[in-house]
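For the record, in the sequence shown the residue sitting at position 238 is 243 according to this note's numbering, with numbers rising by one throughout. Idealized CB from N, CA, C, for every residue including glycine.
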Amino acid sequence: MDNPDNVLATGSSMRASDWIGQGGQQQWDDWSSLLRLLVVGVTQFGAQLSELDPQSLYVVTARGGEDYDPGRKQLLSDSPVEVQGSWHVIATGERITEGNLKISVLTEALYRQQLQAPAGLSNKAILDRLNAAAQLVVGDVDRNGTIDYDDVLRWNQTIDGAFLLGPQDKLVALSDAVTSGQPADMLDLHSREVLGSQRVEMSFDVGTVLVETYNWESPVTAANFLNYVRAGFYDQMLVHRAINGFMIQMGLLSFDGYNDEDRVTWSIRTPGPSIINEASNRLSNSRGTLSMARTSDPNSATAQFFINQADNSFLDFGSSNNPDGYAVFARVYSGMSVVDEIAAEPTTQLAGVGSDVPARGVLLQSVRFL
6 MDNPDNVLAT
16 GSSMRASDWI
26 GQGGQQQWDD
36 WSSLLRLLVV
46 GVTQFGAQLS
56 ELDPQSLYVV
66 TARGGEDYDP
76 GRKQLLSDSP
86 VEVQGSWHVI
96 ATGERITEGN
106 LKISVLTEAL
116 YRQQLQAPAG
126 LSNKAILDRL
136 NAAAQLVVGD
146 VDRNGTIDYD
156 DVLRWNQTID
166 GAFLLGPQDK
176 LVALSDAVTS
186 GQPADMLDLH
196 SREVLGSQRV
206 EMSFDVGTVL
216 VETYNWESPV
226 TAANFLNYVR
236 AGFYDQMLVH
246 RAINGFMIQM
256 GLLSFDGYND
266 EDRVTWSIRT
276 PGPSIINEAS
286 NRLSNSRGTL
296 SMARTSDPNS
306 ATAQFFINQA
316 DNSFLDFGSS
326 NNPDGYAVFA
336 RVYSGMSVVD
346 EIAAEPTTQL
356 AGVGSDVPAR
366 GVLLQSVRFL
């Protein structure tokens, strides 16, 4: 993926009459602005195909659209609009040579997001980011029980709003921006809005904290957190670390009730697999941000996270104390007084956990999507 234009192609889309025949007039009226580029076929790549490594990732840059099919050299609209920009999709050599490759505003948005990633990422790291970003924009399009980048590639086969997680008007705005040939910074802005953010309500026994995720900057970490929220993993958990003037941390201890002596009982909740560290996303551990907790291994974060109660720039990527950094993935937009109250709780030592455990047992009752 070193060259952003390393595979060139022409694109074509369906005629209005063809689409109306399949999906009906109403569907065409609702989605036609998103159909300027639909399919890149094998024959539209020419001799480049023989040079593609099946397992390597490539960026396909395609030109064409709703109004003109360069393959058949004919207009597809009675009122043509010149498509001045280019469309992009990241795909393996194998997927490209299979043909019928779908390019859409979603593949454009995820391509532009990938341009913001650190240079030199492995194919696996890039795919991790693409799979995570897919979980932020679409549902299980292919109905195989897993949401990943394949669902983004398949979304244009259905153009079904039921699988779209964000608002349609953001996709239309990006599509119009590509069509009119807007500059890269505007395309990035529209792509960021396609990725959006997710708002979440965290209900503690002392009050409510409202947060929103940084989907554009931290796709892997945001998707990881939201998957735990969706699964109810954070419900009925204890805040297991509180340091006044620093942060509060959770995601480890399950609240299991009270014993006969009215003492809190707990167990360690088993998390999922670790994720890559996205601390190089240029987000700072400032007051009110949420970051992933981890061990000395920078890629060891799973479910534990902390809320910065102060500006903790020494946790940022590239700092002298923590060069690998701690990945920021969300921010508190309401309820920092609750965080302050929890951080000021008296703490105690708990064997196997630490010395900064709130003594009374501060409960995170639930975490819910807004």
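Query, Result
"Reference Gly366; option with closest CA among Phe322, Gly212, Gln309 and Trp271", "Trp271"
"Helix, strand or coil at Glu206 according to DSSP, with G and I counted as helix", "strand"
"Sequence-distant residues of the same chain with beta carbon closer than 7 Å to Ala130, five excluded per side", "Ile281"
"Cross-strand partners of Asn313 (DSSP beta bridge)", "Met252"
"Arg336, enclosing beta strand (DSSP E) - first and last residue", "Val333 to Ser339"
"Under the three-state DSSP convention, the category His93 falls into", "strand"
"Whole-Å CB distance - Gly293 paired with Met341, under 8 Å assumed", "6 Å"
"Proximity of Thr66 and Ser91 at Cβ, strictly below 8 Å", "yes"
"The region 136-147 / the region 114-124 touching (three or more Cβ pairs under 8 Å)", "yes"
"Cut-off 6 Å between Cβ atoms - residues of its own chain near Thr48, not counting five sequence neighbours on either side", "Model confidence at Thr48 stands at a pLDDT of 44, short of 50, so the residue's coordinates are unreliable and nothing is read from them."
"Simplified DSSP assignment, three categories, for Arg117", "helix"
"Stretch-stretch touch, CB-based, cutoff 8 Å, three pairs: the region 333-348 with the region 299-307", "no"
"Helix, strand or coil at Phe260 according to DSSP, with G and I counted as helix", "strand"
"Reference Val64; option with closest CA among Lys107, Pro224, Asn220 and Arg204", "Lys107"
"Pair within 8 Å by beta-carbon distance, Ser301 and Leu320", "no"
"Distance between beta carbons of Leu179 and Gln203, contact taken as under 8 Å", "Wrong, their Cβ atoms sit about 19 Å apart, outside the cutoff."
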